[in-house]
Every structure is written in structure tokens, then in C-alpha cells.
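Mapping the sequence shown onto the working numbering, position 7 (from 1) lands on 19, and the numbers just tick up by one.
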Amino acid sequence: MEKIYKIAVVEDDEPLNLSLVRILKKANYQVKGYLNAENLYNDLKIDPQLFDIILCDHILPGMKGLEFYKKLKKEDINTNFIIITGLNDLSLAIESIKS
């Protein structure tokens, strides 16, 4: 039996969030959208294994994507984490890869 991956999408642009969720659901993933990192963080504090993958925008209200990743890592909440951004920022890309 093929595993169905659970994905969290963190994107504050609501139409883009809904589009990403819709596309991933059509590809047979279980997906939940979040408009900010804090709400996902609260869910992960209850169940750290809630998602297999987090797809997270870097520019978010409150906590930025890379900051969120580092916070999860510090608290031993381990999941696959993908940062997306519309920024053309090489230093951010390098820091993200190193993290």
C-alpha cells in the first residue's frame, strides 16, 4: 500500500495558499493550509508527527519561514521542510541550505 504524505502549506497569501492546497490534494496528498507559522506551530506542539512535509513561504507575518524552521529544529520537531520565496536573495538561499 502506497503511503499518502501529509503536507502543511504555510503561505499568507490566501489565494496562493488555496491554490497550493488544491494542487497538492489533486496529487493525492493530505494537505492543510496555514496563513501563518504560529498556527502550525501550535498544532505541532500537540502532535509533532502531524505532517511529513512542511512547505513554507519565507516572508510571513510574525515569524519568517527560516526562523520557523530553526525553532522547530531547536525543539526537536523533525519533519521535511521546504522554504519557498519570491525573493531574489542568494544569501537567504545559502542560509536555508546550510540550515
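Every residue gets a Cβ at the ideal spot worked out from N, C-alpha and C, and that includes glycine. Small disclaimer: the values here were computed from a predicted structure and weren't measured.
Going by DSSP in three states, residue i sits in which element: helix, strand or coil?
| i | result |
| --- | --- |
| residue 78 | helix |
| residue 19 | strand |
| residue 58 | helix |
| residue 89 | coil |
| residue 72 | coil |
| residue 53 | helix |
| residue 67 | strand |
Relative to the C-alpha of residue i, which candidate in the options has its C-alpha closest?
| i | options | result |
| --- | --- | --- |
| residue 42 | 90, 53, 64 | 64 |
| residue 71 | 88, 22, 91 | 22 |
| residue 78 | 48, 57, 61, 55 | 48 |
| residue 91 | 76, 54, 66 | 66 |
| residue 29 | 80, 46, 62 | 46 |
| residue 62 | 15, 13, 20 | 20 |
| residue 57 | 89, 81, 39 | 89 |
Return the Cβ separation of residue i and residue j in integer angstroms, given the expectation that the two are a contact with Cβ distance under 8 Å.
| i | j | result |
| --- | --- | --- |
| residue 96 | residue 69 | 6 Å |
Practice task
Examine the Cβ distances between the region 83-90 and the region 26-35 and report whether three or more of them are shorter than 8 Å.
Solution key: No, the region 83-90 is not in contact with the region 26-35.
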